[in-house]
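First comes the structure, then the notes that go with it.
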Amino acid sequence: MRWSQTLIPTLRETPAEAEIVSHKLLLRAGLIRKLTGGLYTFLPMGLRALRKVEQIVREEMDRAGALEVLMPALQPPDLWRQSGRYETAKDVLFKAQDRAQKEWVLGPTHEEVITALVAGEINSYRQLPKNFYQIQTKFRDEIRPRFGLMRAKEFIMKDAYSFDATDEAAQVSYGKMYEAYKRIFERCGLKTIAVEADTGVMGGKFSHEFMVPAETGENEVVLCQGCGYSANLEKATSRFPHSVLADSPSGPTEKFPTPDVTTIAGLAGPPYKVPASEQIKTLVYVVESKPVLILLRGDDQLNEAKLARALGATTFRPGEPEEIHAALGAHPGSLGAVGVARYPIYADERLRGALDMTTGANEDGFHLRNVAIGRDIQVSHWQDLRLVQDGELCHHCGQPLKIQRAIEVGHVFKLGVKYSLALHAFFLDEAGKQQPAIMGCYGIGVTRTLQAVIEQNNDANGILWPLSVAPCSVCVTPLSIAPGGKVMQLAERLYTQLTDDGVDVILDDRDERPGVKFKDSELVGFPLRLAIGEKSLAAGEVEIKPRAGVLMRVKTEEAMEKLMGLLGCGPARNP
RNA sequence: CGGGGUGUAGCUCAGCCUGGUAGAGCACUACGUUCGGGACGUAGGUGUCGCAGGUUCAAAUCCUGUCACCCCGACCA
């Protein structure tokens, strides 16, 4: 590949639209261009890198025994009605109409399609296990696309679906994918953490997310330095002290006026000075149009994912002020659960046995003190409902937990039989009995992974591609391009040799000053640069500069061998 | 969907407050000089000032509406 003939529109200045370093570099290095919000064109170098990631994914999926297929992106909505996701996933579904006004959906994922396929083709336990995967464009109506390829309306995903006859076999399939994912991300040069994750709307028993630690990530994970426990913040729990302040209540509840105080912080400040940890926070959620009270300690935050599990409901929402007033007779800020018997009361475990607490009186402008859980508040459900906070202790080993932001690049789910039941993916077992196939599903955001590689591998000058995903491994940089000159002759020769040896190489044959070529090659981030200039050539030398390493001067005749060594290709073959 | 911000040359942005007919740097074209870390000179091209109304003798500038994009939040298999 010759630089002068491809298209690598590097930018000296940062486009205003980019916020995070990887997005800036994708644009500045001329890898992608935006068509419109959440939709990007891959330019030649960006596409090359993307293909490398795809190939790694493909190789590792094949190695793990998965079978590559390609399913339609355009899908009939009936399939989605059958699985129930036409409703539950409606917010992310893109829809289209044909000329007869018949409706179609653009696939945000392919559980329905693959399960329908398996329902038709797999009839016997003898045909199991099977794992099908594809690398394909997905469409999601994201509320807010952002950060370039990180969250886009259209993106490339590798999705795989395993089908097993037994739970134990499904476990094995899951394990294979888990191991394959570790290999994939390692080969991409990414440091990832596998964390326990919430299964969300997807349903299913358990799951792991593969996270790339990055301050710009949209997720938060909880890590234990001691025992290696790691979980998505939505799922994470910790060992926490209970709020037992005394052996017995110090007195009966007592109402006191708190005009204008409607927040935990307000009550914690003067003149009241009730520490947040001695307050009970009362939230009202509406579940299937009925109010539910949620109690937390004043200094804790509600984890809605945990609440969803506790409620066993997927549709719930915080109550509106009018609804709350109608239910409890007071507005948010003065709410409490004392004496409330009409509504279910879900309390966080941390409040168990708490005495001498302060909470709202269900009368605007008043609070109650000396509130004792159990005596004054009848909790109907005890649950872990709180968000873990940085520095709390691990429930396994007692070491402090750390909260780290991260980018989710992969997700493995044990799905169970939700889709096989809905779409009739049954097989006959050894006893001739009809059974639903047990499924797993496994996703990798390929385009997101590409961006994560950049997010994790860059410096002030540009991208630092790992060799495995670099658009080109070597940039041959003649500092003079005079056609008959020694510099260009040698550059052409080495370029041809490298190409013949199967190395992805680009020849910077542009009529540019050396400074421009150096800056550009570093911005785009080619792992090795071979510079040929008249000065060093006069001494019989060329320069090899690893993108992240120190410059080496080598004898011209040793250049190939040295390069191939750095590329891990062994000694150069003789032409 | 709520809050905030921005739309002016391919890119980054100034001009808007205080109305008078559009600018800088980078990029681009030509020529010359230069040539190992984003060169310099000379000349040149480049705009429905996001769109639509309104006010005005006159609107990039003031007003109204609208669209798009960005940020925060909500949401997110």
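For the first sequence, the numbering used here assigns the number -9 to the initial residue and increments by one for each residue that follows. The C-beta atom is built at its ideal place from N, Cα and C for all residues, glycine as well.
- Around the CB of H371, fewer than 16 other CB atoms lie within 10 Å, so the residue is classed as exposed.
- When A90, V95 and L33 are compared, the shortest CA-CA separation from R71 is found for V95.
- In terms of Cβ geometry, P473 and R38 do not form a close pair [threshold 7 Å].
- In this model, R48 and V277 are separated by some 44 Å (Cα to Cα).
- Bridge partners of Y336 according to DSSP: I284 and H371.
- Going by C-alpha positions, Y115 is about 21 Å away from E58.
- Taking a contact as a CB-CB distance under 8 Å, the pair S463 and L557 counts as one, their CB atoms being some 6 Å apart.
- In the structure shown, T437 adopts helical secondary structure according to DSSP, grouped into three states.
- Per DSSP, reduced to three states, the secondary structure at K423 is coil, with no helix or strand assignment.
- By alpha-carbon distance to V330, the top candidate from P311, G350 and D346 is G350.
- Assigned with DSSP and collapsed to three states, Q394 falls in strand.
- The beta strand (DSSP E) runs lying completely inside the region 178 to 218 and spanning 3 residues or more are 183 to 187, 196 to 203 and 209 to 214, given in chain order.
- In this structure, the beta-carbon distance from T243 to D366 falls below 7 Å.
- The C-alpha of A450 is placed about 16 Å away from the C-alpha of V540.
- At least 7 Å separates the beta-carbon of L60 from that of E144.
- From the listed residues I522, Y485 and L440, the smallest Cα separation to I46 is found for L440.
- Beyond the five residues adjoining it in sequence on each side, C178 comes within less than 8 Å, by CB distance, of V43, I46, T439, V443, P456, S458 and V459 in the same chain, given in chain order.
- Taking the C-beta atoms as reference points, G400 is found nearer than 7 Å to F200.
- Q389 and K552 have their C-alpha atoms roughly 47 Å apart.
- Per DSSP, the continuous alpha helix (DSSP H) segment holding P34 begins and ends at P34 to R53.
- Three or more pairs of CB atoms, one per stretch, sit closer than 8 Å, so the region 377 to 389 contacts the region 205 to 222.
- When the alpha-carbon of I254 is set against those of Y485, Q291 and V103, the nearest one is in Q291.
- For H401, the three-state secondary structure derived from DSSP is strand.
- Of V506, K181, S410 and V466, the smallest CA-CA separation from A106 is found for S410.
- One Cα belongs to G381, the other to L484, and the distance between them is close to 55 Å.
- Where P67 is concerned, the enclosing alpha helix (DSSP H) starts and stops at P67 to S73.
- By the CB criterion at 7 Å, I496 and M(-9) fall inside the cutoff.
- Bridge pairing for P247: F356 [DSSP].
- The Cβ atoms of E224 and A298 lie no closer than 7 Å to each other.
- Rounded to the nearest angstrom, the gap between the Cα atoms of E398 and F32 is 21 Å.
- If you look at L96, you'll find it in the beta strand (DSSP E) that goes E93 to L96.
- The three-state secondary structure of L257, taken from DSSP, is helix.
- Under DSSP, Y151 takes part in a beta bridge, and its partners are F122 and C431.
- Here P426 is buried: its Cβ has 16 or more other Cβ atoms, across all protein chains shown, within 10 Å.
- Take S163, set aside five residues on each side of it, and the residues of its chain with a beta-carbon closer than 7 Å to its own are P119, N121, S152, D154 and G430, in chain order.
- The Cβ atoms of I471 and D501 sit closer than 7 Å to each other.
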